[in-house]
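Residue numbers (the UniProt record's numbering): 1 to 256.
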């Protein structure tokens with residue numbers, strides 16, 4: 001990796017409106033007039049009663065498709081919007097941290113690049129999901145863009161320990177955030193199974209992708225602790241402030 005900071009994905013520098021125009025698909029396979037996430041859940045049903053064959057036997061099971069409930073769509077809209085904003089912030093934090101950190105600690109170059117590359121992959125994943133399901137990004141995009149850059153630059157200038165403490169604090173909150181989402185989505189799956197419904201590949205894949213991203217975020221937390229995050233001074237004040245900021249950003253992005 002060159003000494004300069006990694007190139008940030010194009011969408012990170014876009015306004016919410018520009019992002020929507022850039023990523024909106026030209027055609028969707030299942031157009032919908034309603035707003036909100038368009039993930040479809042399949043449900044197997046067996047025809048009976050009026051659907052029985054003339055000879056009294058039942059016809060074979062057929063597949064029907066139903067959309068998420070209004071409450072589920074609202075939850076998914078909010079969750080994916082926050083996830084995309086969070087991954088934007090992560091890429092910007094690392095972009096600002098990398099130059100001062102690798103200048104004074106060249107041996108951290110591969111680790112910083114590894115974590116940045118994973119965050120950029122997460123950001124790309126949620127960009128695709130927002131475009132696919134026609135979910136708007138948070139209106140706070142420009143604010144989070146500036147705040148993440150300042151946080152990354154500031155902790156990078158404070159040194160390796162502060163930069164790692166920043167990663168530890170952010171990933172602690174993000175890990176909890178993704179865990180909550182996984183639990184919620186799994187509860188949907190359990191309810192569907194109890195009703196004899198087919199979960200469907202799309203919901204199952206979404207759960208798997210969020211789990212994978214969560215695991216990579218927690219890997220970053222482990223790297224930060226292994227690289228003396230807790231030696232930052234003042235550790236408690238720094239991590240406490242960053243964690244509070246993350247919780248506030250999540251709360252706002254869920255609603256705006």
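A virtual CB, placed ideally from N, CA and C, is assigned to each residue, including glycine.
None of the values given here were measured: they were computed from a predicted structure.
Judged by DSSP secondary structure, residue 213 falls within the alpha helix (DSSP H) whose first and last residues are 201-226. Of all C-beta pairs linking the segment 232-251 to the segment 111-123, fewer than three are shorter than 8 Å, placing the two stretches out of contact. For residue 142, the number of other beta carbons within 10 angstroms of its own is below 16, and it is reported as exposed. In the three-state reduction of the DSSP assignment, residue 105 falls in the coil class, being assigned neither a helical nor a strand state. By the neighbour-count criterion, in which 16 or more other beta carbons inside 10 Å mark a residue as buried, residue 251 falls on the exposed side. Around the C-beta of residue 233, fewer than 16 other C-beta atoms lie within 10 Å, and the residue is accordingly described as exposed.
Under the criterion of beta carbons closer than 8 Å, residue 84 and residue 130 qualify as touching, at roughly 6 Å. The C-alpha of residue 127 lies about 15 Å from the C-alpha of residue 145. In summary, residue 256 is exposed, with fewer than 16 beta-carbon neighbours lying within 10 Å of its beta-carbon over all protein chains present.
Taken through DSSP and simplified to helix, strand or coil, residue 233 comes out as coil. Counting along the chain, residue 256 sits inside no alpha helix (DSSP H), nor does DSSP assign it H or E at all.
Sorting 223, 206, 172, 202 by C-alpha distance to the C-alpha of residue 247 places 172 at the top. Around the beta-carbon of residue 200, 16 or more other beta-carbon atoms lie within 10 Å, marking it buried.
Under the three-state reduction of DSSP output, residue 247 falls in the helix class.
Distances from the CA of residue 89 to each of 106, 78, 138, 133 were compared; the closest alpha carbon is that of 138.
Exclusion of the five residues before and after residue 231 leaves 161 as the residues of its chain whose Cβ lies within less than 7 Å of its Cβ. Taking a contact to require three or more Cβ pairs closer than 8 Å, the segment 184-191 and the segment 101-115 do not qualify as touching. Taking residue 86 as the centre and dropping the five residues before and after it, the same chain places the C-beta of 174 closer than 7 Å to its C-beta, in chain order. The segment 147-159 and the segment 202-212 do not touch, with fewer than three beta-carbon pairs separated by less than 8 Å. If the five residues before and after residue 213 are omitted, its C-beta is found closer than 6 Å to the C-beta atoms of 122, all from its own chain and listed in chain order. Sequence-distant partners of residue 97 (beyond 5 residues in either direction) whose C-beta falls short of 8 Å from its own C-beta, in its chain, are 112, 152, 153, 155, 156, 163, 166.
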